[in-house]
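Novice:
Numbering (this note's numbering), first residue to last: 78 to 529.
Here's what the structure looks like:
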């Protein structure tokens, strides 16, 4: 296949792509979900299973998705149309690009609402709202935020304005500059918090919670959890990685670069756990799951520690930076498509698409208050979007990417683009992509559709 050129520009270096892709992968899930599921599913034993899943699913599928992006050099939608035509494949394979872009579009609509909570907590923490707080008062603060649609709308709006403002400036002036600031700041804040966490009495308990090897807790369910998280944590199947791959320098090795991204993403998730759990255990609190840990347990912990206001503010800045680095990657595929296919300027495309995403997000924020009683199959608007994207669209997109690259595309075109130095490594990757990854993703997909 003839080499294509991107009309949007390229990352100025391989490292900028690594930072951008890591930023896309690092999000709210790394900050609270990975540490919690590791602790609850056998600690170090689960981490080993998770790393195996990263190697057998995450990395092979990510290499495939980056390869598609760099071959097409366009938005995921137009990249897949071009590749399908070039390979003489049935037209329905072009749906991979649409599915990924739409999934990212839908995810950003509710992700922005949750990310808005982190912005609200930066201000609350910095303003001393949680100084001397009790469990009841912290819970009431979170409950009051969710029950206030006007406040949620305000924070959702601010977050979307930040996201679209960055995306509207393009690859080099927008995405690159934002990533160049956000990711070093994220790493710096994470290391500062880790340094503090190491000084607490609960650091040993935190290490034990995450890394004690309890193989008795490894069962089919924990393996499914590891499979699912390995897939979703790398932002696979939502168009973001394919879009970023389109801006990747031609000389960079896809395999080596993806290994760096996967390694950094996992490292950040582990460090986040070593930050969170020592603080929780030092203050005698329960390591609750999900948003409850992030927005209720941790604020209470920060309220009871020396310099808690400072470190609490830094923590929620970390969460906000992680969310913003993910959000810009979710918006990019649809904005790039509008620029390419509709002849719109970057600013116009980002603005109009941002407005549509913002409007859709209103349905999610109302799910926590005024629309809470309106459900479909027992799920409110927010839950429906979350289930549709996480349980159906993303794993299905990843499955189709693996099958398309592994079975449909010309092997010579793929080998030339991936450019693995070792023929053996290429053969192993191709085997995993064709036979192992699809089966594993089907397991994740089927498990996600079975009611819990």
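For each residue, glycine too, the CB sits at the ideal point set by N, CA and C.
How close, in whole Å, do the beta carbons of residue 236 and residue 192 come, if the pair is a contact with beta carbons under 8 angstroms?
Specialist: Within the chain shown, residue 236 is the residue found at index 159, counting from 1. Within the chain shown, residue 192 is the residue found at index 115, counting from 1. About 5 angstroms; that satisfies the 8 angstroms criterion.
Novice: My understanding is that residue 322 touches residue 145, with C-beta atoms under 8 angstroms, so please give their C-beta distance in whole angstroms.
Specialist: If you number the chain shown from 1, residue 322 lands on position 245. If you number the chain shown from 1, residue 145 lands on position 68. Contact check for residue 322 and residue 145: beta-carbon distance about 7 angstroms, within the 8 angstroms limit, so the pair qualifies.
Novice: Going by other Cβ atoms of all chains shown within 10 Å of its Cβ, with 16 needed for buried, is residue 261 buried or exposed?
Specialist: Counted from its first residue, the chain shown places residue 261 at position 184. Result: exposed.
Novice: Closer than 8 angstroms is the cut-off here; do at least three beta carbon pairs connect the segment 367-379 with the segment 119-137?
Specialist: no
Novice: DSSP state of residue 456, grouped into three classes?
Specialist: Working through the chain shown from its first residue, we reach residue 456 at position 379. Residue 456: strand per DSSP, three-state reduction.
Novice: Quick one: grab the DSSP three-state call for residue 508.
Specialist: Locating residue 508 in the chain shown gives position 431, counting from the first residue. Helix at residue 508.
Novice: Decide if residue 184 is buried, meaning its Cβ has at least 16 other Cβ atoms within 10 Å, or exposed.
Specialist: Position 107 of the chain shown holds residue 184. That one is buried.
Novice: How many Å lie between residue 195 and residue 501 at the Cα?
Specialist: Taking the first residue of the chain shown as 1, we reach residue 195 at position 118. Taking the first residue of the chain shown as 1, we reach residue 501 at position 424. Whole-angstrom Cα-Cα distance: 46 angstroms.
Novice: Can you tell me whether DSSP reads residue 171 as helix, strand or coil?
Specialist: Within the chain shown, residue 171 is the residue found at index 94, counting from 1. Helix, per DSSP.
Novice: Hey, would you say residue 143 sits closer than 9 angstroms to residue 382, going by beta carbons?
Specialist: Numbered from its first residue, the chain shown carries residue 143 at position 66. Numbered from its first residue, the chain shown carries residue 382 at position 305. Against a cut-off of 9 angstroms, the Cβ pair of residue 382 and residue 143 comes out as no contact.
Novice: Specify, as a first and last residue, the run of the alpha helix (DSSP H) that residue 252 falls within.
Specialist: Mapped onto the chain shown, residue 252 falls at position 175. First-last for residue 252: undefined, no H or E at that position.
Novice: For residue 464, which residues in the same chain have their Cβ closer than 7 angstroms to its Cβ, ignoring the five residues on either side in sequence?
Specialist: Looking up residue 464 in the chain shown gives position 387. Cβ neighbours of residue 464 beyond the five flanking positions: 456.
Novice: Please list the segments of the alpha helix (DSSP H) lying wholly inside the segment 203-268, counting only runs of 4 or more residues, in order along the chain.
Specialist: 212-223 and 226-244
Novice: Could you check how far apart the C-beta atoms of residue 332 and residue 140 are, in whole angstroms? I think they sit under 8 angstroms.
Specialist: Your numbering for residue 332 matches position 255 in the chain shown. Your numbering for residue 140 matches position 63 in the chain shown. Indeed, because the Cβ distance is near 6 angstroms, the residues count as touching under 8 angstroms.
Novice: Taking one C-beta from the segment 389-406 and one from the segment 149-157 each time, how about it: are there three or more such pairs within less than 8 angstroms?
Specialist: no
Novice: According to DSSP, simplified to helix, strand and coil, what is residue 181?
Specialist: Here residue 181 refers to the residue found at position 104 when the chain shown is read from its first residue. Of the three classes helix, strand and coil, the one that applies to residue 181 here is helix, per DSSP.
Novice: I'd like to know if the segment 484-503 and the segment 208-217 are in contact, where contact means that at least 3 CB-CB pairs between them fall below 8 angstroms.
Specialist: Here the segment 484-503 does not lie against the segment 208-217, with fewer than 3 beta-carbon pairs under 8 angstroms apart.
Novice: Just how far apart, CA to CA, sit residue 276 and residue 354?
Specialist: Within the chain shown, residue 276 is the residue found at index 199, counting from 1. Within the chain shown, residue 354 is the residue found at index 277, counting from 1. Rounded to the nearest angstrom, the two C-alpha atoms are 13 angstroms apart.
Novice: Based on Cα-Cα distance, which residue from 348, 351, 375 and 349 lies nearest to residue 361?
Specialist: As a first step, residue 361 is located in the chain shown; it is residue number 284 there, counting from the start. Nearest option by C-alpha distance: 375.
Novice: Once you ignore the five residues that flank residue 226 on each side, which residues in its own chain have a CB closer than 7 angstroms to its CB?
Specialist: Position 149 of the chain shown, counted from the start, is the residue given in the question as residue 226. Here the set comprises 442, 443, 446 and 447.
Novice: Is there contact between the segment 240-249 and the segment 423-433, where contact requires at least three CB pairs shorter than 8 angstroms?
Specialist: yes
Novice: Under the three-state reduction of DSSP, which class applies to residue 121: helix, strand or coil?
Specialist: Taking the first residue of the chain shown as position 1, residue 121 is located at position 44. In this structure, residue 121 counts as helix in the three-state DSSP scheme.
Novice: Measure the C-alpha to C-alpha separation of residue 295 and residue 389 and round it to an integer number of angstroms.
Specialist: One-based indexing of the chain shown puts residue 295 at position 218. One-based indexing of the chain shown puts residue 389 at position 312. Computed Cα separation, rounded: 34 angstroms.
Novice: CA-CA distance, residue 468 and residue 105?
Specialist: Here residue 468 corresponds to residue number 391 of the chain shown, with the count starting at 1. Here residue 105 corresponds to residue number 28 of the chain shown, with the count starting at 1. Whole-angstrom Cα-Cα distance: 17 angstroms.
Novice: Do the segment 86-106 and the segment 333-347 make contact, defined as three or more Cβ pairs closer than 8 angstroms?
Specialist: yes
Novice: Going by Cα to Cα distance, which pick from 499, 494 and 527 is closest to residue 148?
Specialist: As a position in the chain shown, residue 148 is number 71, starting the count at 1. Comparing Cα-Cα distances from residue 148 to each of 499, 494 and 527, the minimum goes to 494.
Novice: Return the CA-CA distance between residue 270 and residue 256, expressed in angstroms with no decimal places.
Specialist: Position 193 of the chain shown holds residue 270. Position 179 of the chain shown holds residue 256. Approximately 21 angstroms between the Cα atoms of the pair.
Novice: Check whether the Cβ atoms of residue 408 and residue 419 lie closer than 9 angstroms to each other.
Specialist: Taking the first residue of the chain shown as position 1, residue 408 is located at position 331. Taking the first residue of the chain shown as position 1, residue 419 is located at position 342. In this structure, residue 419 does not lie closer than 9 angstroms to residue 408 by Cβ.
Novice: Within a Cβ cutoff of 8 angstroms, which residues of the same chain sit near residue 107, ignoring the five residues on either side of it in sequence?
Specialist: To locate residue 107, count along the chain shown from 1; it is residue 30. Excluding five sequence positions before and after residue 107, the CB atoms of its chain that fall closer than 8 angstroms to its own CB belong to 310, 342, 345, 346, 349 and 399, given in chain order.
Novice: Do you know how far the Cα of residue 113 is from the Cα of residue 386?
Specialist: Looking up residue 386 in the chain shown gives position 309. Looking up residue 113 in the chain shown gives position 36. Between residue 386 and residue 113, the C-alpha separation is close to 24 angstroms.
Novice: Given this structure, state the Cα-to-Cα distance separating residue 357 from residue 204, to the nearest angstrom.
Specialist: Here residue 357 is taken as the residue at index 280 of the chain shown, counted from 1. Here residue 204 is taken as the residue at index 127 of the chain shown, counted from 1. When rounded, the distance between both Cα atoms is 22 angstroms.
Novice: Which parts of the segment 344-425 are runs of the beta strand (DSSP E), unbroken and 3 residues or longer, counting only runs that do not cross its ends?
Specialist: none
Novice: If you draw a straight line from the alpha carbon of residue 163 to that of residue 171, how long is it in whole angstroms?
Specialist: Residue mapping note: residue 163 aligns to position 86 of the chain shown, counting from 1. Residue mapping note: residue 171 aligns to position 94 of the chain shown, counting from 1. If you draw a straight line from the Cα of residue 163 to the Cα of residue 171, it comes to about 12 angstroms.
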